[in-house]
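One structure is given here, and the rest of the page talks about it.
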Amino acid sequence: MRRRLRTRSKRRKQVRTPSGVNRLHFFEKRPGPRKCRFCGSILSGVSIDPRAAHSMKTVERRYGGEVCHRCLEKSILVSAAAEWGL
């Protein structure tokens with residue numbers, strides 16, 4: 013393997029080859045679950061599969077796939093209160 017590909021930023025796994033020798037194989041890291049940008053909680057209804065359709069990777073509402081429903085509700089209430097001067 014080329015030296016520039018043997019990096020710690022890739023996932024490493026010991027693989028037994030057909031000749032019976034253990035070799036170190038390097039794989040791209042799998043993406044983690046999507047998280048809310050404000051509170052950091054895991055977003056439900058969002059796929060982590062990069063090959064999934066766009067409709068599987070997002071939620072059909074404002075800031076869907078970026079912000080959880082709790083934080084979105086809080087931000088809407090705060091912006092409405094600021095608009096009304098409360």
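Its first residue numbered 13, the sequence shown is counted upward by one per residue in my numbering. Cβ coordinates follow ideal geometry from the N, Cα and C atoms, glycine included. Just so you know, these numbers come straight off a predicted model, no measurement behind them.
Practice task
Compute the Euclidean distance between the alpha carbons of G44 and L89, then round it to the nearest angstrom.
Solution key: Roughly 30 angstroms separates the two Cα atoms.
Exercise for the section: With DSSP as the reference, label R16 as helix, strand or coil. Expected result: Here DSSP, grouped into helix, strand and coil, assigns R16 to helix.
Problem - Nearest-angstrom Cα separation, counted from K86 out to E95 - result: Cα to Cα, E95 sits roughly 14 angstroms from K86.
Handout entry: Identity of the residue in R23, A64, A65 and M68 nearest K41 by Cα
Key = Closest by alpha carbon: R23.
Practice task
Over the uninterrupted alpha helix (DSSP H) stretch that includes K86, give me the two end residues.
Solution key: From DSSP, the alpha helix (DSSP H) with K86 extends over H81 to W96.
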